[in-house]
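Asks:
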Amino acid sequence: MEETFRDYLRIKEAARLLGVSEATLRNWGRQGKIKVHRNPVNGYRLFKKGDLDELLLAVKRSADQG
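Per this note's numbering: the sequence shown = residues 46 to 111.
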């Protein structure tokens, strides 16, 4: 399946989806906790929707076990 820019969220959108601040996402990216992609044209941080969904699922699983 071919990916498009619609498969990615900018940092503001990703932060809203996860319920964290943009600064938190920047820190997680620097720490390697979440994969960050860069827009080849302007260098903006992009987050793959599938990666964010996996993170939310992992949090849900953790909460269900605890």
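Even glycine gets a Cβ: it sits at the ideal position worked out from N, Cα and C.
Any heavy atom of the ligand ZN within a distance shorter than 7 angstroms of the CB on S66?
Replies: Absence of the ligand ZN from the depicted structure is noted, as is the absence of any ligand whatsoever, leaving it without description.
Asks: Using only CA atoms, which one of T49, V86, D96 and G77 lies nearest to L62?
Replies: Nearest of T49, V86, D96 and G77 to L62, Cα basis: D96.
Asks: Quick check on K57: does DSSP put it in helix, strand or coil?
Replies: K57: helix per DSSP, three-state reduction.
Asks: Of the residues R55, T49, L102 and E48, which one's Cα is nearest the Cα of N87?
Replies: When only C-alpha atoms are compared, the closest one is R55.
Asks: E48 to Q110, Cα distance in whole Å?
Replies: Each residue's Cα considered, the two are about 34 angstroms apart.
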